[in-house]
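Numbering follows full-length UniProt numbering, with no gaps: position 305 of the sequence shown is 305.
Note that CB positions come from ideal geometry on N, CA and C, so glycine has one too.
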Amino acid sequence: MALSVPKAMSGTIAERPGGFETLKWRTDLAVPELDYGEILIKNEYIGVNYIDIYFRSGIYSTGSPFPILLGREGAGVVAAVHPSVRGFAVGDRGISTEQAAASLLQGLTAWTFIREVARITREVPAGQGPWVLVHAAAGGTGLLLVQLLAALGAKVIGTASTPAKTKLASDNGAQWVINSSTEDVVAKVKEITEGHGADVIFDGVGAATLKADFELIANNGSLISFGNASGPPDLQNLPRTTKRVKISRPTLMTYIGTKAARVKYVQEMFDFIKDGKLKIAIHDVYPLKEAGRAHADLESRKTTGKLLLKVD
C-alpha cells in the first residue's frame, strides 16, 4: 500500500511572538524528508493546546527563531517509512484519529502526572484515596484528570467558572465541584475536607490560583503546577506557610523521553479509551486554516473539553 506524498503541505505559522493575529495560513510549507528512524504521518486531526499559545506568545521557546510552525499533537495515517524503521507500515492507524488527536498530549500529561508526580499508583475503593483538587476541571486536561483520578478511588474536588462547566466536571467524575466565579474556593475546600485540605492539587491555571493553593493545601501536600492559563506563577516569591509542601513544575517529556515509556503510557491511556473508562470530550472541530479562531476561543476560557483542527 502506498500513499501519495506531496512536496508541499499546508499549516499555520506564527510570524512573531504575540496574539492570535500573528498566525498566518500557508500552503507552501515543505514536507519533511525522512531521516534515520523516522516515519511520516499524514495528519487528519490536530489538537489545540495551551502550550501552543505559550509558544506563539513567546512564553516558551521552541529553540528556533520566528516564524515557527505551531502544533505539538496530531493523529493520522502513516504516509511513509524510512527503511531503518521496523514495526510500522504505510497505511497504519490505531484508534479513531479524532480521539487520538484529542487525547494524546493532554491525556499523557494527566496520566503521567498522576502516576509519576502525584505518585497515585494503585486503585483503591471509590472515595478511599487522597483528597485531590483539580483546577479548571472542565478543561481539556481537567476533564481527563477527574476521570482518571476518580477511577483510581481519589476524592476529587474540581473548580470551574460557570454552572455549565461545573456540571460537566461533575458528570465526568468530580464528586464535588466549586464555582470559582461565585464561591470562595479556599473556604469550600476546607468545608468539604472538614479542615484537612487537599493532599494533591493539580493547577493548570497558574498565577491566579497560587496564593489560594497554599491556603487550602493539606500539610505534607503536593502542589503540581503545570500551566500558565492566567499567567506564569511566581515561584520565586511563594506565599509563606508553616506547612510542609512539595511543589512540582513538571513537563511531560520528562516522563516519556524514552520509547519504552512512551509505548507504556500511550498503551495504558488508549486501553482506558477502548474500555470505555475514559471519555474524550471534544468542544469543537475547526478547519485547519482557522487555527487563529481556535486559539482565540481557547484563550477566552469559554471552551470545555478539547479543541481540534481538521485537515482536509
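- Going by DSSP, G107 is part of the alpha helix (DSSP H) stretching over 97–112.
- Looking at the DSSP output, L29 shares a beta bridge with M9.
- From the listed residues L223, H196, A218, the smallest Cα separation to T209 is found for L223.
- Rounded to the nearest whole angstrom, the CA to CA distance from Q128 to G153 is 6 Å.
- Secondary structure at E215: helix, using DSSP grouped into helix, strand and coil.
- If you keep only unbroken alpha helix (DSSP H) runs of at least 4 residues inside the region 127–186, you get 140–151, 163–171.
- Straight across, the Cα-Cα distance linking R262 with F272 is about 16 Å.
- Rounded to the nearest whole angstrom, the C-alpha separation of I201 and L278 is 21 Å.
- Cβ-Cβ distances below 6 Å link G107 to L144, M269 in the same chain, with the five nearest sequence neighbours on each side left out; the list follows chain order.
- Here T112 has L252, Y255, I256, Y265 as same chain residues with Cβ atoms under 7 Å from its own Cβ, once five neighbours each way along the sequence are excluded.
- Proximity to A291 across P65, M9, V48 peaks at V48, based on C-alpha coordinates.
- When C-alpha distances from V5 are compared across P32, P67, Y50, R122, the shortest belongs to P32.
- The beta carbon of V285 sits closer than 6 Å to those of L308, K310, all from its chain and outside the five residues before and after it, given in chain order.
- In the three-state reduction of the DSSP assignment, E44 falls in the strand class, which pools E and B.
- Looking at the backbone, the Cα of G173 and that of Q99 are separated by about 19 Å.
- In this structure the region 36–54 lies against the region 71–81, because at least three pairs of beta carbons, one per stretch, are closer than 8 Å.
- Contact between L133 and V189 holds, with the beta-carbon distance rounding to 6 Å and staying under 8 Å.
- DSSP places G37 in the coil class of the three-state scheme, outside both helix and strand.
- With contacts defined as CB atoms closer than 9 Å, A137 and A160 qualify as a contacting pair.
- For F88, the CB contacts under 6 Å within the same chain, skipping 5 residues up- and downstream, are I39, V78, V81 in chain order.
- In the DSSP annotation of this structure, the continuous segment of the beta strand (DSSP E) that includes A75 starts and ends at 74–81.
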